[in-house]
Each structure stands twice: as C-alpha cells, then as structure tokens.
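Participant: Take this structure, written in structure tokens, and hold onto it; I'll ask about it next.
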Amino acid sequence: MGPDMNTTFTASLIAERVPGFSLPRDLYCSEQTFQDDLEQIWYREWLFALPSCEIPKTGNFVTLNVGAYPVIVIRGADGRIRAFHNVCRHRGQRLCPKTNGSNPKLVCPYHQWTYDLDGKLLYARDMGEGFDASKYGLKPVHCVDLGGMVFICLAQVPPAINELAANLTRYVLPSAIADSKVAFSSTIVEKGNWKLVMENNRECYHCGGSHPSLCRTYSDDPLMTVMEGPNSASPEILAHWARCDAANLPSRFTNAPDMQWRMARVPLMDNQESFTMSGKAAVARRMGTIPWNDAGSLMFYHFPSSWNHFLPDHAIVFRILPISPTETEVTTKWLVHKDAIEGKDYDLKALTEVWLATNDEDRQVVEENQRGILSPAYQPGPYSPTQEAGVIHLIDWYCGLMARRLTPTSVAAE
Ligand code: 3BY
Ligand code: FES
Ligand code: FE
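The opening residue of the sequence shown carries number 1 in full-length UniProt numbering; numbering runs sequentially from there.
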C-alpha cells in the first residue's frame with residue numbers, strides 16, 4: 001500500500017506517535033503543525049473567551065486574538081453578549097485596537113464607519129447612491145454564555161455544545177459567576193507550545209517540586225484530581241460528594257466521552273478554604289449560594305483553551321491562546337462577589353499571591369520543557385499512567401481529533 005496522498009506532515013507524525021508517550025518533537029515546535037493546530041482545532045472548537053461579568057453593561061467589550069483572527073465580544077443594548085470579527089467591512093481596519101473598554105457604538109478609527117452593538121452598519125459617509133449598508137454588517141462569530149462563562153467558536157458550523165452547556169450551567173450556578181466581578185487580571189506569555197502549557201496543567205506530578213505555595217492547600221495526590229470516573233475517586237472525595245449531594249451542590253465527576261472537558265468539586269487539603277497562604281478564605285463574602293467555606297474547588301477544564309477553579313470565596317478562570325509555535329498567552333482572572341469591596345472584604349495580595357506565584361512557576365517549567373524539546377536529542381518519553389492520566393487524556397484527544405480531521409476517512413467501498 002502506497003502512502004496516502006492526503007497525509008500531511010502533521011498527520012504522519014501523529015500516526016507514528018506512540019500512545020502513552022509525549023509527542024514527537026515537531027508537533028511541539030514546527031510552523032506546519034502550529035498552522036494545522038490553528039486550522040483544525042483553534043478555528044473549529046469552542047473556546048472559553050471571558051467571564052460575562054467582565055462586560056456587565058451595554059457597550060462593554062473585550063477583544064482577543066485567536067491565531068490570525070481578531071475577535072471582539074461585546075454586550076448589546078438588549079443585554080445579550082455577541083462576538084464579531086474585529087475587522088471593519090470598509091477596507092478591513094482592525095476595528096477596535098484596545099483589549100477591553102466600553103463604547104456606545106463601534107466606530108472604525110480609519111474612516112469612521114459606525115456599527116451598532118449588534119453589528120449592524122449604521123453610518124458610512126459619502127458612499128454614493130446605491131450603497132446598501134445592510135450588506136456591510138460586522139461578521140458574526142458564534143458566541144454562547146454558559147452560566148457566566150462565555151465561549152466563542154470561529155467555525156461556520158460549530159461542534160455541538162449542548163452537553164457541556166447543560167452540565168457547566170448546572171455546576172457553576174451556585175457560584176453565580178454572572179453576578180461576580182473581576183477583582184484582578186493577569187496576562188503573561190509563556191515561551192512554550194500551547195500543548196505544553198495544557199499538558200503541564202493536566203498533571204500534578206510536578207506540583208511538589210514546583211509549587212510550594214499552592215501545595216499548602218492543593219493536594220498533589222493524583223487520586224484527588226485525576227479521577228477516571230465518578231466512582232474511582234478517593235474515599236475523601238466520595239465523602240465530600242455525599243455531603244455536597246445533600247446540600248444540592250453539583251459536585252460529582254462529569255466529563256465528555258472524549259475527555260474534552262471535565263468538571264468535579266474536590267475538597268482542599270485538610271478542609272482548608274481557599275488557595276491562600278493561610279488556607280483561609282481570601283474574601284469575606286462567599287460567592288452565590290455556596291453553603292460552606294470548605295466546599296472545595298469546582299475544577300473545570302475544557303480543551304484546548306481553559307482550566308478553572310470555582311472556590312467558595314472566589315473563582316479563578318484561565319484562558320490560553322496560541323501566539324506562535326513556541327509562545328502561548330495565559331490570561332488569569334480572579335472573580336469575587338460583585339458587592340465585595342477591596343480593602344474591606346478582601347485584600348488583593350492575599351487573594352492573588354498563590355496563583356500569581358503558581359503561574360510563574362508553571363511558566364518556568366513550561367519554558368524549560370520547550371527548551372529541552374527543541375534539542376535534537378529529545379525523544380518522546382513515557383507518561384506516568386497514574387500521575388499523568390490527565391495528560392494522556394489531552395494528548396489522546398488531540399491526536400484523535402487531528403488524525404480524523406487531517407486524514408479523510410477512507411470510505412469502505414466493498
Ligand atoms: O490548576 C489545575 O487545575 C492543575 C491541577 C493539577 C496541577 N494544576 C494545579
Ligand atoms: Fe473602517 Fe475605512 S476601514 S472605515
Ligand atoms: Fe503547575
């Protein structure tokens with residue numbers, strides 16, 4: 001049998017990868033695979049963009065770049081959140097250069113074409129008689145708000161999101177994410193491929209060696225975080241879930257069949273309250289209707305772009321975006337009850353110090369991981385089946401999707 005003519009560079013590397021091992025080098029650093037990742041994953045999957053509370057009022061917006069696509073997410077006069085390509089329909093100016101802000105209308109800085117918050121072109125000067133403004137509205141991007149977590153999708157036809165929507169909405173409801181506010185936001189660029197950033201997040205094999213402050217409250221026991229299913233958790237977690245069930249707090253492990261996402265509420269170590277240096281809540285006011293200070297963390301990840309912790313006193317939402325084959329932007333937002341007052345109900349340093357340190361520690365290990373992989377001497381190595389099951393989930397999800405999308409399935413003609 002000759003080589004499949006449709007097999008690309010990336011597809012053949014994926015075909016020859018050894019399951020249970022880290023990926024061949026070029027999948028972590030080549031320009032070709034980076035383009036394939038953008039086209040097959042980042043431009044086709046749902047991506048976590050922002051918490052809805054970041055744009056609480058009409059005209060509030062956030063912009064982000066997904067590969068080559070600048071996108072704007074903005075709240076309309078009707079209260080709905082919409083996303084558009086951040087590109088003027090006149091001569092293509094990037095419409096809004098700021099990362100966030102507020103505008104009653106979207107006015108292009110080049111020639112002042114003016115769009116309504118729902119994308120309609122309202123005003124374009126001197127465009128002549130037969131000019132039909134209705135043909136030049138902003139191009140929409142799919143956008144959904146799942147209980148305060150806003151996702152976007154650049155595909156013409158996005159993948160189904162109903163399963164995730166039903167579960168996520170129910171799990172985050174007690175945290176009242178839509179009724180919170182962003183207390184702090186941080187954006188860093190890690191010099192590592194996006195898959196290395198995500199791989200690192202999916203295991204705690206490195207936690208003991210890298211995260212002294214997080215490890216005060218977060219157990220690095222893989223049974224605490226990498227459950228294989230709803231009944232495989234530790235006795236401590238099973239007891240926590242029974243307590244949560246009785247209080248109607250959705251907590252049990254739930255996941256997509258292909259592990260693209262998973263959520264579960266797990267206790268912190270020794271019933272501590274929050275990811276702080278003291279282990280106590282950083283915010284005096286609890287979020288939403290969470291019943292106890294020691295309700296633990298609702299952990300939610302979604303490939304390719306997000307992981308999150310919803311704690312009783314605050315939530316931390318993370319978004320990654322690929323910048324280049326070896327650079328990834330990581331944005332972290334700390335959410336608190338919207339009526340919590342800085343200096344009175346919380347101290348910003350106590351709230352943010354553990355994860356600011358943890359992010360920086362993760363940045364260092366990811367960057368060193370990328371440096372080592374760039375060596376011609378790098379050879380894929382084995383993942384620990386217990387400690388790195390979460391990484392295996394990520395890599396199997398990635399390879400499965402890429403193989404399907406890069407290699408058209410041969411029709412069984414017989
Ligand atoms: O933030 C997280 O969810 C992961 C879990 C294991 C390592 N890291 C802390
Ligand atoms: Fe936007 Fe001209 S490019 S108004
Ligand atoms: Fe880490």
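Beta carbons: idealized from backbone N, C-alpha and C, even for Gly. Remember, it's a predicted structure, so these values are computed and weren't measured experimentally.
If you check the beta carbons only, do G119 and G137 fall under 8 Å apart?
Facilitator: Against a cut-off of 8 Å, the Cβ pair of G137 and G119 comes out as a contact.
Participant: Once you ignore the five residues that flank N201 on each side, which residues in its own chain have a CB closer than 6 Å to its CB?
Facilitator: Only W307 meet the Cβ criterion.
Participant: How many Å lie between residue 418 and K195 at the Cα?
Facilitator: Residue 418 lies beyond the stretch modelled for the chain, which goes from 1 to 414, so this question has no answer here.
Participant: Does DSSP put Y28 in a helix, a strand or coil?
Facilitator: Y28: helix per DSSP, three-state reduction.
Participant: For the beta strand (DSSP E) that A284 lies in, which residues bound it at each end?
Facilitator: It is not in any beta strand (DSSP E) - A284 carries neither H nor E in the DSSP assignment.
Participant: Please confirm whether any heavy atom of the ligand FES lies closer than 7 Å to the CB of W108.
Facilitator: The question names Trp, but residue 108 in the sequence shown is Cys. At least one heavy atom of the ligand FES is nearer than 7 Å to the Cβ of C108, so yes.
Participant: Who does L50 pair with in a DSSP beta bridge?
Facilitator: Paired residue(s): V150.
Participant: Whole angstroms are fine: how far does the CA of D145 sit from the CA of D116?
Facilitator: Answer to the nearest angstrom: the Cα atoms are 20 Å apart.
Participant: With respect to 7 Å, is the separation between the Cβ of T332 and the closest non-hydrogen atom of the ligand FE below this value?
Facilitator: Outside the cutoff, so no.
Participant: Using CA coordinates, which residue listed in H90, S52, A176 and Q156 is at the minimum distance from L311?
Facilitator: Minimum Cα distance to L311 is reached at A176.
Participant: Tell me whether N308, by its Cβ, gets closer than 7 Å to a heavy atom of the ligand FE.
Facilitator: Answer for N308: no, Cβ out of range of the ligand FE.
Participant: Just tell me which of A350, E368, A282 and W261 has its CA closest to the CA of C394.
Facilitator: Note that residue 394 is Leu in the sequence shown, not Cys. Taking only the C-alpha atoms, the option nearest L394 is W261.
Participant: Tell me, to the nearest whole angstrom, how far the beta carbon of V182 is from that of K333; I am working on the premise that it is less than 8 Å.
Facilitator: About 5 Å; that satisfies the 8 Å criterion.
Participant: Opposite L121 in the DSSP bridges: which residues?
Facilitator: Per DSSP, Y115.
Participant: Locate the beta strand (DSSP E) running through Y43, then write down its first and last residues.
Facilitator: From DSSP, Y43 is part of no beta strand (DSSP E); its letter is neither H nor E.
Participant: May I ask you to check if the CB of C88 is nearer than 7 Å to at least one heavy atom of the ligand FES?
Facilitator: Because some heavy atom of the ligand FES lies under 7 Å away, the Cβ of C88 counts as near it: yes.
Participant: Rounded to a whole number of angstroms, what is the C-alpha to C-alpha distance between K344 and V283?
Facilitator: Whole-angstrom Cα-Cα distance: 9 Å.
Participant: For G381, which residues from the same chain have a beta carbon less than 7 Å from its beta carbon, with the 5 sequence-adjacent residues on both sides left out?
Facilitator: The residues are F21 and S22.
Participant: May I ask you to report which of helix, strand or coil DSSP gives residue 421?
Facilitator: Residue 421 is absent from the model: the chain starts at 1 and stops at 414.
Participant: Which term fits D36, buried or exposed, when burial requires 16 or more other beta carbons within 10 angstroms of its beta carbon?
Facilitator: Result: buried.
Participant: Report whether the distance from the Cβ of H85 to the nearest heavy atom of the ligand FES is below 7 Å.
Facilitator: Outside the cutoff, so no.
Participant: Could you check the C-alpha separation between Y69 and L106 for me, to the nearest Å?
Facilitator: Computed Cα separation, rounded: 18 Å.
Participant: Helix, strand or coil, according to DSSP, for K333 in the structure here?
Facilitator: Three-state DSSP puts K333 in a strand.
Participant: According to DSSP, is C143 helix, strand or coil?
Facilitator: C143: strand per DSSP, three-state reduction.
Participant: Step through the CB atoms of chain B and report whether any lies within less than 8 Å of the CB of G296.
Facilitator: Judged by its chain identifiers, the structure shown contains no chain B, having just a single protein chain.
Participant: How would you call V157, buried or exposed, if buried means at least 16 neighbouring beta carbons within 10 angstroms?
Facilitator: With fewer than 16 Cβ atoms within 10 Å of its Cβ, V157 is classed as exposed.
Participant: If you drop the 5 nearest sequence neighbours on each side, which residues of the same chain put their C-beta closer than 6 Å to that of residue 428?
Facilitator: This structure cannot settle anything about residue 428, because the visible part of the chain is limited to 1 through 414.
Participant: Between the segment 205–223 and the segment 348–359, are three or more C-beta pairs nearer than 8 Å?
Facilitator: Output reads yes: the segment 348–359 touches the segment 205–223.
Participant: Helix, strand or coil: which one does DSSP assign to V157?
Facilitator: In the structure shown, V157 sits in coil (DSSP, three-state: anything other than H, G, I, E or B).
Participant: Examine the ligand FE and report whether any of its heavy atoms sits within less than 7 Å of the Cβ of N369.
Facilitator: Every heavy atom of the ligand FE is 7 Å or more from the Cβ of N369, so no.
Participant: Where does residue 428 sit, in a helix, a strand or coil, going by DSSP?
Facilitator: With the chain running from 1 to 414 in the structure shown, residue 428 is simply not present.
Participant: With hydrogens ignored, establish whether the beta-carbon of D362 is closer than 7 Å to any heavy atom of the ligand FE.
Facilitator: D362: yes, Cβ under 7 Å from the ligand FE.
Participant: Does the Cβ of H142 lie closer than 7 Å to at least one heavy atom of the ligand FES?
Facilitator: Checking every heavy atom of the ligand FES against the Cβ of H142, none is found closer than 7 Å.
Participant: By how many angstroms is the C-alpha of Y28 removed from the C-alpha of L335?
Facilitator: Going from the Cα of L335 to the Cα of Y28 covers about 32 Å.
Participant: Can you look up P70 in the DSSP assignment and give me helix, strand or coil?
Facilitator: Three-state result, P70: strand.
Participant: Compute every distance between the C-beta of H393 and the non-hydrogen atoms of the ligand FES, then say whether any falls below 7 Å.
Facilitator: No, the beta carbon of H393 sits no closer than 7 Å to any heavy atom of the ligand FES.
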